[in-house]
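Heads up: the sequence shown runs through residues 1 to 246, numbered per my numbering. Ideal placement from N, C-alpha and C gives every residue a C-beta, glycine not left out.
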Amino acid sequence: MSDRDNTSGGSEPQLTGPVPPASVSEFFLREDYEERGFRYMSKFVIVAIVLHVIVFMINFPEIKYTPQAERSERKVLKVRKYVPPPPKVERKQIQQKKLVKKVPVPDPTPDEPEPIIEPEPEIVVEDIPDDVDILIGDPEPPPQTGPLMAGVGGVTMPELIPGTRVEPEYPELARRARIEGKVFLQAVIRKDGTVGDIKVLKEPPGNLGFAEKAIAAVSQWRYKPATQNGRPVDVYMTVTVNFTLE
């Protein structure tokens, strides 16, 4: 290709380095501009240095840091002192008596005379002589009349006196028939120890004479009498008489 194609179709050449001033006036203007920029720049630097000096000259208050002591976690136990409750005071209830108003009752028979109420006689207490016995408490019951039951109500049992027991005779009819048996008698042991009021409660059948022989023998026995409160008394007692063949 020709040189024309290189100049017209190629890219413009890049300029490197400072661009020379086009004229003398432009040169002076550029120098003046650079000088002014240097002046302004120097002023800003001086002001910044002065401000830094002032800042360092100011005394700021010292802030002291005091490290806090480590808190020791302690468990605090609250102990309450036991105080017993005060004793209950029972309040007595005061019963107020109701006031009852008496309503006057009209007299149905005003014309009739009022009955005369005689005053009650005064009780005169006479002086008790010193030699009179005074009973305090329940008086002793009067002694019972008639025989008592032996061994009941504080009554002792009568005791047969040794050597006074008389053995009964054996009935002849019963001996011949070879019959044995028992006779039950109810007798009264008197205060003097004798035996009386004998009654037959039970005897062998056949009317062989067992009862008569038993009564005849027991009526001769003698006893130490029964007592009540230390005194001899008459008592009822059941006596058994045995009839046995040898």
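I'd like the ranges of any beta strand (DSSP E) spanning at least 3 consecutive residues and lying wholly in the segment 139-192. For the segment 139-192, whole beta strand (DSSP E) runs of length 3 or above, ordered along the chain, are 181-189.
Mind checking whether L160 and R222 have CB atoms under 9 Å apart? Here residue 160 refers to the residue found at position 160 of the sequence shown. Here residue 222 refers to the residue found at position 222 of the sequence shown. With respect to R222, L160 sits close: the two C-beta atoms are nearer than 9 Å.
Please list, in chain order, all residues of the same chain as L245 whose beta carbon is under 8 Å from its beta carbon, the five residues on each side excluded. As a first step, residue 245 must be located in the sequence shown, where it is residue number 245. Correct list, in chain order: Y170, R175, R178, E180.
On the premise that Q220 lies in contact with V155, defined as a C-beta separation below 8 Å, what is that separation, rounded to the nearest angstrom? Your numbering for residue 155 matches position 155 in the sequence shown. Your numbering for residue 220 matches position 220 in the sequence shown. Not really, about 24 Å apart at Cβ, beyond 8 Å.
Please name the residue, chosen from L173, G193, L201, D192, that lies closest to Q186 on a Cα-to-Cα basis. As a first step, residue 186 must be located in the sequence shown, where it is residue number 186. Nearest C-alpha to Q186: L201.
Where DSSP assigns a beta bridge to Q228, which residues make up the other side? Taking the sequence shown and counting its residues from 1, the one referred to as residue 228 is at position 228. Answer is V155, R231, bridged to Q228.
By DSSP's criteria, G196 is part of a beta bridge. Which residues make up the other side? Here the question's residue 196 lines up with position 196 in the sequence shown. According to DSSP, G196 bridges with V188.
Out of curiosity, what's the CA-to-CA distance linking F184 and D192? As a first step, residue 184 must be located in the sequence shown, where it is residue number 184. As a first step, residue 192 must be located in the sequence shown, where it is residue number 192. F184 and D192: Cα-Cα distance of roughly 23 Å.
Where T240 sits in the DSSP three-state scheme: Here residue 240 refers to the residue found at position 240 when the sequence shown is read from its first residue. In this structure, T240 counts as strand in the three-state DSSP scheme.
By DSSP, does L201 sit in helix, in strand, or in coil? In the sequence shown, counting from the first residue as 1, residue 201 sits at position 201. Residue state for L201 is assigned as strand, using DSSP reduced to three classes.
Inter-residue CB distance, L173 and G146 (contact presumed, cutoff 8 Å): For the purposes of this step, residue 173 is identified with residue 173 of the sequence shown, where counting begins at 1. For the purposes of this step, residue 146 is identified with residue 146 of the sequence shown, where counting begins at 1. Their Cβ separation, rounded to whole angstroms, is 37 Å, which puts L173 and G146 out of contact at 8 Å.
Taking buried to mean at least 16 other C-beta atoms within 10 Å of its own C-beta, is A211 buried or exposed? Residue 211 sits at position 211 when you count from the first residue of the sequence shown. Flag for A211 reads buried.
How far does the alpha helix (DSSP H) with K81 in it extend, from its first residue to its last? One-based indexing of the sequence shown puts residue 81 at position 81. Boundaries cannot be given for K81, as no alpha helix (DSSP H) includes it and DSSP labels it neither H nor E.
So E212 is in the alpha helix (DSSP H); what residue range does that whole segment cover? As a first step, residue 212 must be located in the sequence shown, where it is residue number 212. Per DSSP, E212 belongs to the alpha helix (DSSP H) from 210-218.
For K88, does the count of other Cβ atoms within 10 angstroms reach 16, so buried, or fall short, so exposed? As a first step, residue 88 is located in the sequence shown; it is residue number 88 there, counting from the start. Per the 10 Å Cβ criterion, exposed.
Could you tell me the alpha carbon to alpha carbon distance between N207 and V239, rounded to whole angstroms? In the sequence shown, residue 207 corresponds to position 207, counting from 1. In the sequence shown, residue 239 corresponds to position 239, counting from 1. One alpha carbon belongs to N207, the other to V239, and they sit about 19 Å apart.
Sequence-distant residues of the same chain with beta carbon closer than 8 Å to G196, five excluded per side: Here residue 196 refers to the residue found at position 196 of the sequence shown. Excluding sequence neighbours, G196 sits near A187, V188, R190, S219.
Beta carbon of A214 nearer than 9 Å to that of E203: Your numbering for residue 214 matches position 214 in the sequence shown. Your numbering for residue 203 matches position 203 in the sequence shown. Yes, these two residues count as a Cβ contact at 9 Å.
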